[in-house]
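Heads up: the sequence shown runs through residues 191 to 260, numbered per this note's numbering. Cβ atoms here follow ideal geometry from the backbone N, Cα and C, with glycine treated the same way. Input: a single structure, listed below in structure tokens.
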Amino acid sequence: MPHLSVRLYPGRSKEVKQEFADKLQAFVVKELGCEPNVVSVSFKEIAPEKWKDVIDDEIAGEDVYIEADF
Numbered sequence: 191m192p193h194l195s196v197r198l199y200p201g202r203s204k205e206v207k208q209e210f211a212d213k214l215q216a217f218v219v220k221e222l223g224c225e226p227n228v229v230s231v232s233f234k235e236i237a238p239e240k241w242k243d244v245i246d247d248e249i250a251g252e253d254v255y256i257e258a259d260f
């Protein structure tokens, strides 16, 4: 508890993704009051031309609070 799954376009380095994951983890720990060891973060790169189809399929059934406007 909790897991954050980030989908993004390809092209960012492992170092950039690690730094972002660290910041997400710190934010979740602060806001939800949990321990860092229970927070996990993953990344999945999706090509821009496949974005809408992949995202629509992957988030089907999830509660979306902010939607992108493509």
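*Should Val218 go down as buried or exposed, given a rule of 16 or more other Cβ atoms within 10 Å for buried?*
Under the 10 Å beta carbon count, Val218 is surrounded by 16 or more other beta carbons and is classified as buried.
*Quick one, are the C-beta atoms of Arg197 and Lys234 less than 9 Å apart?*
Contact annotation: Arg197 and Lys234 have beta-carbon atoms nearer than 9 Å.
_Please classify Val206 as buried or exposed, where buried requires at least 16 neighbouring CB atoms within 10 angstroms._
Exposed, because fewer than 16 other Cβ atoms sit within 10 Å of the Cβ of Val206.
_Own chain, CB closer than 7 Å to Pro238, minus 5 neighbours either side, in chain order_ = So the qualifying residues of the chain are Tyr199.
*Provide the residue span of the beta strand (DSSP E) that contains Glu205, from first to last.*
From DSSP, Glu205 is part of no beta strand (DSSP E) but of the alpha helix (DSSP H) over 204-222.
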